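Here the structure is laid out as structure tokens; the discussion comes afterwards.
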Amino acid sequence: EKRNMLQDEINRVNSENKKLTEMLARVCEKYYALNNLME
Amino acid sequence: MDQYSSSLVDTSLDLTIGVTRMRVEEDPPTSALVEELNRVSAENKKLSEMLTLMCDNYNVLRKQLMEYVNKSNITERDQISPPKKRKSPAREDAFSCAVIGGVSESSSTDQDEYLCKKQREETVVKEKVSRVYYKTEASDTTLVVKDGYQWRKYGQKVTRDNPSPRAYFKCACAPSCSVKKKVQRSVEDQSVLVATYEGEHNHPMPSQIDSNNGLNRHISHGGSASTPVAANRRSSLTVPVTTVDMIESKKVTSPTSRIDFPQVQKLLVEQMASSLTKDPNFTAALAAAVTGKLYQQNHTEK
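Those protein sequences? They're chains E and Y, same order as listed. Here the working numbering = 1-based position in the first sequence + 7. Here the working numbering = 1-based position in the second sequence + 51.
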């Protein structure tokens, strides 16, 4: 039961990490677009 | 016996041990799961930090860009025309609003500033509106007023209150000069051109070489429409300027009102000269003065 709980937690954090990575990618994209515009 | 005994040898493969070992290897130990959880949590933390940093950078950059755009908009407004519509907030990326959490810059302050500025400009323009009346020949049907400046006509329209069309001109002496004028014939007297000037010239008056004889005679209105600005501007001209009350001009519609003023002056001078020379007292006094002067000169030379 403890292992199941751990596994669930790992899955949740992994899913969150995936979302965070996507968001980071988009922010980076926007940042560089803006940066190019400024230059 | 040996064979029998040998037949008693345990030949079992002891597979159960292997099965047990395999089952243990399939289920990772709890410690491994904990390690994995720690790893992903650390990764999560790192990603969050990076995202925060990136968002901060993005916000700073965005703010700079907005400031730059606002500044350029303001300068544009100052120079030319009303501003373009601000970009609608709906067009802003929802993600950037949500993730970046940046407070969208309120456009109300800018609009207020713009409105105040526009109002100020309008009042300034209102203050500098002046109306000048020019007398023209009755046969002259053009709407050209020779006031010493160069003008570019950019429009003409017919108004309800006046049958003669109204022409619009813009000062063409300097590209930065924003003075405009409207010229229309007076309703009361068709020989009078009414020029309404808006603004003040930001340049000196162009050469007056051609202006000595070519300028229209301007009549400053006796009413409130004529402002000191107009009077000063016209007074700088070298042409004879006459101030005629429009009430008089209404009454005087005879051809005498259209006599050229330099001619009148010349006539007056001639009349004065002839009347003086005919006067014997004047000639005697003049002769005495001249001889007295000559006598004095001779006396000092000796």
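The beta carbon of each residue, even a glycine, is placed where N, CA and C say it ideally should be. Treat the numbers as computed from the prediction; the structure is a model and nothing was measured.
Could you name the residues of chain E that residue 120 (chain Y) contacts, counting a contact when the two beta carbons are closer than 8 Å?
Those do not exist, as residue 120 (chain Y) stays about 10 Å from chain E at its closest Cβ, beyond 8 Å.
Does residue 99 (chain Y) come within less than 9 Å of chain E when only Cβ atoms are used?
yes
List the whole-angstrom C-beta distance separating residue 27 (chain E) from residue 95 (chain Y), where the pair is believed to meet the contact cut-off of C-beta under 8 Å.
7 Å
Taking Cβ positions, are residue 246 (chain Y) and residue 196 (chain Y) nearer each other than 9 Å?
yes
Note the first and the last residue of the continuous alpha helix (DSSP H) segment covering residue 32 (chain E).
9–45
Reduced DSSP secondary structure (H/G/I, E/B, other) of residue 215 (chain Y):
coil
Going along the chain, which residues of the segment 10–24 of chain E sit with their C-beta nearer than 7 Å to a C-beta in chain Y?
10, 13, 14, 16, 17, 20, 21, 23, 24
Going along chain E, which residues have a C-beta under 8 Å from residue 88 (chain Y)?
13, 16, 17, 20
Does residue 185 (chain Y) pass the burial test, meaning 16 or more other C-beta atoms within 10 Å, or should it be called exposed?
buried
Please list the terminal residues of the continuous alpha helix (DSSP H) segment that includes residue 247 (chain Y).
Careful: residue 247 (chain Y) lies outside any alpha helix (DSSP H), inside the beta strand (DSSP E) at 243–249.
Exposed or buried, residue 248 (chain Y), counting other C-beta atoms within 10 Å across all chains shown (16 or more means buried)?
buried
Since residue 105 (chain Y) meets chain E, which of its residues come closer than 8 Å, beta carbon to beta carbon?
31, 34, 35, 38
Between residue 85 (chain Y) and chain E, is any beta-carbon pair separated by less than 9 Å?
yes
Suppose the cutoff is 8 Å on Cβ atoms and the five residues either side in sequence are ignored; what does the same chain contact list for residue 76 (chain Y) look like?
Because residue 76 (chain Y) sits at a pLDDT of 49, beneath the cut-off of 50, its placement in the model cannot be relied upon, and the following sentence gives the value as read from the coordinates. Excluding residues within five positions, none has a Cβ falling inside 8 Å.
So, is residue 200 (chain Y) buried or exposed, given that buried needs 16 or more other C-beta atoms within 10 angstroms?
buried
Tell me, to the nearest whole angstrom, how far the beta carbon of residue 123 (chain Y) is from that of residue 189 (chain Y); I am working on the premise that it is less than 8 Å.
The pair is not a contact, with the Cβ atoms about 53 Å apart (cut-off 8 Å).
When we look at the beta-carbon of residue 317 (chain Y) and count the other beta-carbons within 10 Å, is it buried (16 or more) or exposed?
exposed
Opposing strand residues paired with residue 220 (chain Y) [DSSP bridges]
Y:204, Y:232
Short CB-CB distance (under 9 Å) between residue 140 (chain Y) and chain E:
Residue confidence is low: residue 140 (chain Y) scores 44 on pLDDT, short of 50, so the model does not pin down where it sits. Its coordinate-derived value is still stated next. So no, residue 140 (chain Y) is outside the interface.
In angstroms, rounded to a whole number, what distance separates the CA positions of residue 39 (chain E) and residue 127 (chain Y)?
28 Å
What's the C-alpha gap between residue 252 (chain Y) and residue 183 (chain Y)?
15 Å
Taking C-beta pairs closer than 8 Å, name the residues in chain Y that residue 42 (chain E) reaches, listed in chain order.
112
Note down the Cα distance separating residue 287 (chain Y) from residue 254 (chain Y), rounded to an integer number of angstroms.
With a pLDDT of only 38 at residue 287 (chain Y), under the threshold of 50, the placement of this residue in the model should not be trusted, and no figure is reported.
Output yes if chain E places a C-beta closer than 9 Å to the C-beta of residue 92 (chain Y); else output no.
yes
Taking a contact to mean a Cβ-Cβ separation below 9 Å, would you say residue 227 (chain Y) touches residue 194 (chain Y) in this structure?
no
Quick one: grab the DSSP three-state call for residue 302 (chain Y).
Only weak support exists for where residue 302 (chain Y) lies, its pLDDT of 39 falling under 50; the value from the coordinates is given anyway. Residue state, collapsed to three classes: helix.
Relative to the alpha-carbon of residue 202 (chain Y), which residue among Y:225, Y:211, Y:217, Y:208 has its alpha-carbon at the smallest distance?
Y:225
For the candidate residues Y:115, Y:97, Y:321, whose alpha-carbon lies nearest to that of residue 46 (chain E)?
Y:115
Beta-bridge partners of residue 190 (chain Y), as assigned by DSSP
Residue 190 (chain Y) is not bridged to any residue.
With a threshold of 9 Å between beta carbons, is residue 130 (chain Y) in contact with chain E?
no
Around the C-beta of residue 333 (chain Y), are 16 or more other C-beta atoms found within 10 angstroms, so that it is buried, or is it exposed?
exposed
Can you give me the Cβ contacts of residue 207 (chain Y) inside the same chain, cut-off strictly under 6 Å, excluding the 5 residues immediately before and after it?
216, 218
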